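S.K.: I have a structure I would like to understand better, so I am pasting it below and will then ask my questions one at a time.
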Amino acid sequence: MAPFADKQAELQARVDDLTRTIDFLAHVLRCTHPIVDECPDCVEFSRPAHP
42 MAPFADKQAE LQARVDDLTR TIDFLAHVLR CTHPIVDECP DCVEFSRPAH
92 P
């Protein structure tokens, strides 16, 4: 069963990354800051999700 659990964890990590990407892109569409570094939300998205 371990291979299945490993694959499930791998897939979940990919889903999490894609969800984070979708959230970031949605934010970029409404962000009013001209430079990413000036926006606290953009800066937060730029931090790694999985250190």
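Sequential numbering from 42 applies to the sequence shown in the numbering used here.
Quick reminder that beta carbons are idealized off the backbone N, C-alpha and C, glycines included.
The structure presented is a predicted model; accordingly, all values stated were derived computationally and were not measured.
1. Where does H68 fall in DSSP's three states?
2. Would you identify the three-state DSSP class for C83, choosing helix, strand or coil?
3. Measure the alpha-carbon distance for R55 versus V69 and round it to whole angstroms.
M.R.: So, to answer that:
1. On the sequence shown, position 27 is the one that residue 68 refers to. DSSP places H68 in helix when its eight states are reduced to three.
2. Numbered from 1 along the sequence shown, position 42 holds the residue referred to as residue 83. In the structure shown, C83 sits in a helix (DSSP, three-state: H, G or I).
3. Taking the sequence shown and counting its residues from 1, one reaches residue 55 at position 14. Taking the sequence shown and counting its residues from 1, one reaches residue 69 at position 28. If you draw a straight line from the Cα of R55 to the Cα of V69, it is about 21 Å long.
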